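Here is the structure we will look at.
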Amino acid sequence: MRSEKVVLTVAVTGSFGDRSIPGLPITPKEIAESALEAYEAGAAVAHIHVRDMETGEPSMELKLYEEVVQRIREDSDMIINLSTGGGARFVPTDQDPVGFGPGSTLCAPRKRIEHVVKLRPEICSLDVGSMNFGPRVFVNSLAHVEWMAEQIRDAGTKPEMEVFDLGHIEIAHHLVRTGRIKPPPLFQLCMGVRWGIPATPFHMVIMKQALPTDALWAGFGIGTTAFPMLAQSILLGGNVRIGIEDTLYLEKGRHASSNKELVEKAVAIIRILGKEPATSEEARDLLKLR
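Here the working numbering runs 2 ahead of the position in the sequence shown, where the first position is 1.
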């Protein structure tokens, strides 16, 4: 039986863009405050990246994650979902195909999950497959993914497996079969990223059908597809995600002023489709976090 409640995640800041983007949260205080505003508007989960406070560029600094987590935990019971996607970008040089070009961030898997092992959030993202990602390669070798999944499991955190194509779902099946991911597995269907699966209703149906039968899942699209894919996910019985990480626009030609504004529109769509946004306490039950 489908739940009448939908878990809404706010993707607060992401790993692209800088201070030139109006309203983009940069500092730990800004990121936490934006998450808390979204919580008050109806988001049950905060998906968190951190950024260098001076440049606004993506960061993997543990102390930044610590501050964001502390601020959110002090003022709410919001579910925290920390990103582990940092440290996976590879940009080869033209002269040396294995040389690191500008924009490469590749690092050891231990560094990618350091903050998860230390802070033990209820959820963290886990990118399970490699792909061309815009002008760069997003590198997630199977051996590293297997090891990170084991460490995340042992930390007591539930990994949200981010899948950008059908082959990624096959890797996820392997992680579940080998016990590296505890059932029921949690998925995020990432639609519309360039060179990943397109953001269309047809492709979301295909992705959903490929999931394990006991899977918990949400779906999102980026850019102009963000709200159409949010509605499609609800119609297919999934949970949803919205935020400045995924789209800068509230509607065509109108920039969103904040994550709160995006979440408010998402809540309106959820209700138009006959559902209600889950509270954080309800989301813990729905996502089997207890």
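Don't be surprised by glycine CBs; every beta carbon is placed ideally from N, CA and C. Keep in mind the model is a prediction, meaning the values are calculated, not measured.
Would you list the one or two residues that DSSP bridges to residue i?
i           : result
residue 12  : 48, 244
residue 251 : 257
residue 169 : Paired residues: none, contrary to the question.
Count the other C-beta atoms from every protein chain shown that fall within 10 angstroms of the C-beta of residue i, then say buried if there are 16 or more, exposed otherwise.
i           : result
residue 101 : exposed
residue 219 : buried
residue 164 : buried
residue 234 : buried
residue 129 : buried
residue 84  : buried
residue 187 : buried
residue 249 : buried
residue 121 : buried
residue 3   : Here the model assigns residue 3 a pLDDT of 48, short of 50, so the residue's position is not dependable and the matter cannot be decided.
residue 255 : exposed
residue 166 : buried
residue 189 : buried
residue 270 : exposed
residue 36  : buried
residue 273 : exposed
residue 207 : exposed
Regarding residue i and the ligand ATP, is the C-beta to nearest heavy atom distance less than 7 Å?
i           : result
residue 210 : Looking for the ligand ATP in the displayed structure turns up nothing, as the structure carries no ligands at all.
Can you give me the C-alpha to C-alpha distance between residue i and residue j, rounded to a whole angstrom?
i           : j           : result
residue 43  : residue 263 : 8 Å
residue 174 : residue 209 : 12 Å
residue 39  : residue 33  : 10 Å
residue 106 : residue 6   : 43 Å
residue 257 : residue 69  : 28 Å
residue 239 : residue 87  : 26 Å
residue 216 : residue 61  : 34 Å
residue 135 : residue 162 : 19 Å
residue 77  : residue 125 : 18 Å
residue 81  : residue 285 : 8 Å
residue 231 : residue 203 : 7 Å
residue 111 : residue 146 : 6 Å
residue 47  : residue 94  : 35 Å
residue 26  : residue 227 : 20 Å
residue 118 : residue 64  : 9 Å
residue 23  : residue 237 : 32 Å
residue 182 : residue 20  : 35 Å
residue 214 : residue 172 : 10 Å
residue 221 : residue 201 : 10 Å
residue 103 : residue 96  : 8 Å
Would you please state the rounded distance, in angstroms, between the beta carbons of residue i and residue j? I believe it to be under 8 Å.
i           : j           : result
residue 89  : residue 114 : 4 Å
residue 170 : residue 131 : 4 Å
residue 11  : residue 243 : 4 Å
residue 41  : residue 52  : Contact flag wrong, Cβ pair sits at about 18 Å.
residue 291 : residue 160 : 6 Å
residue 260 : residue 79  : So it is not a contact: roughly 21 Å between Cβ atoms.
residue 229 : residue 267 : 7 Å
residue 71  : residue 241 : Actually they do not touch by this definition, with Cβ atoms about 22 Å apart.
residue 212 : residue 144 : Contact flag wrong, Cβ pair sits at about 18 Å.
residue 13  : residue 247 : 4 Å
residue 198 : residue 133 : 6 Å
Inter-stretch contact at 8 Å, needing at least 3 Cβ pairs: the segment 193-205 / the segment 152-164: no
Could you tell me whether the segment 269-281 touches the segment 56-72, using the rule of 3 or more Cβ pairs below 8 Å? no
May I ask you to verify whether the segment 132-141 touches the segment 175-182, counting CB pairs closer than 8 Å and requiring at least 3? no
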